[in-house]
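A.B. asks: Below is one structure. I have some questions about it.
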Amino acid sequence: MLERLFPRRAPDPRPLPQPNAQLALGALLVRVALANREYVAAEVAQIDRILARTFDLKPLDAAKLRADCEALERHAPGTPEFTQILREEIDYAHRKALGDAMWAVALADGKRDDLEEAQLIDIEIALGLTGEDIAAARKNALTSL
C-alpha cells in the first residue's frame, strides 16, 4: 500500500560522459541520422561500422560507443561544441573523411532527405570544410545512391 502512495523514484540517470573526439563524432553521426525524425536500422548499422573503422573497435564496442553517443546527442551541447572538439583534435584530411562518412549515414536508408542533407552541410561547414570539398562529398555520395 505504501508503494502506491509513495512510489519509488527512478534512479538518477548516469551522468553524461565528457565529450571527446570519439563521442563528438558519434553524436554528430546520430544527429545527421535523426535530422528527419527517423532512425532506421540501416543508419544505426552504418554508424556502428564508421565508429568501428575510425577508432579500430570491435562491433560490440562500436555499438556501446554509439549508445553513449545517442545519449550525448539527446542531452549535450549543440553542433558547434561537437565540431569545435573535432576541429581541435583532428586534422583537415580526417575531418574531410568524416564528412564523407556522414554522407554514408544520411544515405544509409537508400533515400535522400532534405533535412538530413541540410543538417549534414551545416556540420561540414562547422567542421571547417571548404565549399569545394563539401560539394565533392555530396556529389560522390549521391552518385552511389
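Using my numbering, you'd call the opening residue of the sequence shown number 1185 and step up by one each time. No residue lacks a Cβ here, since even glycine has one placed at the ideal position from N, Cα and C. None of the values given here were measured: they were computed from a predicted structure.
1. Between which two residues does the alpha helix (DSSP H) harbouring Gln1330 extend?
2. Looking at the secondary structure, which residues open and close the alpha helix (DSSP H) in which Leu1209 lies?
3. For Leu1291, which residues from the same chain have a beta carbon less than 8 Å from its beta carbon, with the 5 sequence-adjacent residues on both sides left out?
4. Near Ile1305, what residues of its chain come up, given a Cβ to Cβ distance below 7 Å and the 5 sequence neighbours on each side ignored?
5. Going by CA-CA distance only, name the one from Ala1285, Ala1229, Asp1240 and Gln1268 that's closest to Asn1204.
6. Determine contact between the stretch 1273 to 1281 and the stretch 1223 to 1231, defined as no fewer than three beta-carbon pairs at a distance below 8 Å.
7. Beta-carbon within less than 7 Å of Leu1207's beta-carbon, same chain only, minus the 5 sequence neighbours each way: which residues are those?
8. Measuring CB to CB, does Ala1246 end up less than 9 Å from Glu1300?
9. Please list the terminal residues of the continuous alpha helix (DSSP H) segment that includes Gln1303.
10. Looking only at its chain, what residues have a beta carbon closer than 7 Å to the beta carbon of Gln1303, apart from the 5 residues adjacent to it on each side?
11. If contacts are defined as beta-carbon pairs under 8 Å, then Ala1210 and Arg1250 qualify, I think. What distance do you get, rounded to the angstrom?
12. For Leu1313, tell me which candidate among Ile1234, Lys1248, Asp1240 and Lys1280 has the shortest Cα-Cα distance.
13. Which first and last residues belong to the alpha helix (DSSP H) in which Leu1282 is found?
14. Considering just the uninterrupted stretch of the alpha helix (DSSP H) at Asp1317, what are its terminal residues?
15. What are the start and end residues of the alpha helix (DSSP H) that includes Arg1221?
C.D. replies: Let me spell this out:
1. Outside the shown range of the chain (1185 to 1329) lies residue 1330, about which nothing can therefore be said.
2. Annotation: the continuous alpha helix (DSSP H) that includes Leu1209 extends over Ala1205 to Leu1218.
3. Cβ contact annotation for Leu1291 (same chain, cutoff 8 Å, sequence separation greater than five): Ala1325, Leu1326, Ser1328 and Leu1329, in chain order.
4. Taken in chain order, the residues that qualify are Ile1318.
5. Checked all of Ala1285, Ala1229, Asp1240 and Gln1268; the closest Cα to Asn1204 is Gln1268.
6. Pairwise C-beta distances place the stretch 1273 to 1281 out of contact with the stretch 1223 to 1231, as fewer than three of them are shorter than 8 Å.
7. Within the same chain, Leu1207 has close Cβ partners Pro1201, Asp1252, Cys1253 and Leu1256.
8. For Ala1246 and Glu1300, no; Cβs fall outside 9 Å.
9. Bounds of the alpha helix (DSSP H) holding Gln1303 are Asp1298 to Ala1310.
10. Arg1215, Val1216 and Ala1219.
11. Before going on, a small fix: residue 1210 reads as Gly here, not Ala. Contact flag correct, Cβ pair sits at about 6 Å.
12. Nearest neighbour of Leu1313 by Cα position, chosen from Ile1234, Lys1248, Asp1240 and Lys1280, turns out to be Lys1280.
13. It spans Tyr1276 to Ala1290 - the alpha helix (DSSP H) in which Leu1282 sits, taken as one unbroken run.
14. In this chain, the alpha helix (DSSP H) harbouring Asp1317 covers Gly1315 to Thr1327.
15. Arg1221: not part of any alpha helix (DSSP H); DSSP gives it neither H nor E.
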